[in-house]
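K.L.:
The opening residue of the sequence shown carries number 7 in this note's numbering; numbering runs sequentially from there.
Positions of the beta carbon are idealized from the N, C-alpha and C atoms, including for glycine.
Since this is a predicted model, take the numbers as computed values, not measurements.
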Amino acid sequence: METWEKVRALRERDKATTEERWGKNAHFRNDNNVFKGLLICDDCGSKLTRHRCVSDCGSVVYNYICPVRANNLDMSCTHKNVRSKDLHELVYQAVSQKIEQSVELERLLERMGKNNGGTKDKINTQIAEMHRKIGHISELRATLFDAYVDKLLDETEYVEMKSKYEADANKHRERLEALQAKVLLQDQTLTPQNKWLTAIRAFKDTHEVTREMAVVLIEKIIVSGYNSMEIIWNFKDDLAAIEEYTKEAV
Ligand SMILES: [Zn+2]
């Protein structure tokens, strides 16, 4: 066989192997890119992109890599990649723990909710009291003005009293706002209808990380090294509020 024929034969064989490899893994080709846009490089802040690698034995591996690093655009970005398979496992473990925690938190909230009627009544009584005090100060100010017009007070006395009433009214208004915020927290956040609990509840029976799960639950994943990452959850303030609140009940 002529040399060039041997080369052609080798090329044909290689092509066939590659095609066979690709064919065998065709179902992976459009594999759902579950973490698309969610992984952030801790070095340079870029979004990691997914790369498909086919090994010599034909198995397909997906890796998420920082594009800055991958293209050697900036050598100060030192991060290695994250294997998609490991990422799925790590995130699934983290979500499972969060699901367990949310079940416990719901149980606590329900228990606390039953004893909570008294707390709400107390806050509402305080709110009514603040409205009453603010109303009373308005009346006093009107009376004060009349007294000034009738020359029962001189100007210095009038200004002094007026600013005292204003300061009192402001203090009561601030207190009123704080109480109203407390009511909102009780009604919207410290209940099983809490945004985080509602979001994660939908995935209780999901046995793998899906795109929907990732997008709903995860704000971003900061990658700081090979398979080393921190998950930043969505609705983290809502979760922090119930964690803080239920501490009292544990
Ligand atoms: Zn980077």
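#1: Does the pairing of the region 153-171 with the region 129-139 give three or more beta-carbon distances under 8 Å?
#2: Answer yes or no: the CB of V74 versus the heavy atoms of ligand 1, is any distance below 7 Å?
#3: Taking just the CA atoms, how far does T252 sit from I227?
#4: Could you have a look at I237 and say whether DSSP puts it in helix, strand or coil?
#5: Going by DSSP, what residue range makes up the beta strand (DSSP E) through H142?
#6: Confirm, please, whether the CB-CB distance from Y164 to L150 is below 8 Å.
#7: Among the residues of its own chain, which have a CB less than 6 Å from the CB of M167, if the five just before and after it don't count?
#8: Beta-carbon separation of L111 and I238 under 8 Å?
#9: Could you pull out every residue in the same chain whose Cβ sits closer than 7 Å to the Cβ of V215, ignoring the five residues on either side in sequence?
#10: So V88 packs on L45, CB below 8 Å; how close in whole Å?
#11: Would you check if there are 3 or more beta carbon pairs closer than 8 Å linking the region 188-203 to the region 230-246?
#12: Is L114 helix, strand or coil by DSSP?
#13: Given a threshold of 16 other Cβ atoms within 10 Å of its Cβ, counted over all protein chains shown, does A220 qualify as buried or as exposed?
#14: S230 lies in the beta strand (DSSP E); which residues open and close that run?
#15: Please tell me whether T55 and Y68 are closer than 8 Å, where the distance is taken between their beta carbons.
#16: Suppose the cutoff is 6 Å on Cβ atoms and the five residues either side in sequence are ignored; what does the same chain contact list for W202 look like?
#17: If you run the structure through DSSP and keep just helix, strand and coil, what is A53?
#18: Please indicate yes or no: does the CB of S230 lie closer than 7 Å to some heavy atom of ligand 1?
#19: With a Cβ-Cβ cutoff of 8 Å, do I129 and K188 count as a contact?
#20: Could you tell me if the beta carbon of S108 falls within a distance shorter than 7 Å of some heavy atom in ligand 1?
#21: Give me the Cα-Cα distance between G123 and S108, rounded to the nearest whole angstrom.
#22: By how many angstroms is the C-alpha of E145 removed from the C-alpha of D127?
#23: Taking all protein chains shown into account, decide if C63 is buried (16 or more other Cβ within 10 angstroms of its Cβ) or exposed.
P.N.:
In short, the structure shows the following:
#1: no
#2: yes
#3: I227 and T252: Cα-Cα distance of roughly 27 Å.
#4: For I237, the secondary structure class from DSSP, reduced to helix, strand or coil, is strand.
#5: Element bounds for H142: not the beta strand (DSSP E) but the alpha helix (DSSP H), 123-155.
#6: Yes.
#7: L150
#8: no
#9: V40, H94, V97, Y98, V101
#10: 7 Å
#11: yes
#12: helix
#13: buried
#14: That run of the beta strand (DSSP E) goes 224-231.
#15: The beta carbons of T55 and Y68 sit no closer together than 8 Å.
#16: Closer than 6 Å at the Cβ level, and outside the excluded window around W202, lie F241, D244, L245.
#17: In the sequence as displayed, the identity of residue 53 is Lys instead of Ala. In the structure shown, K53 sits in a strand (DSSP, three-state: E or B).
#18: no
#19: With respect to K188, I129 sits close: the two C-beta atoms are nearer than 8 Å.
#20: no
#21: 23 Å
#22: For D127 and E145, the distance between alpha carbons rounds to 27 Å.
#23: Burial call: exposed.
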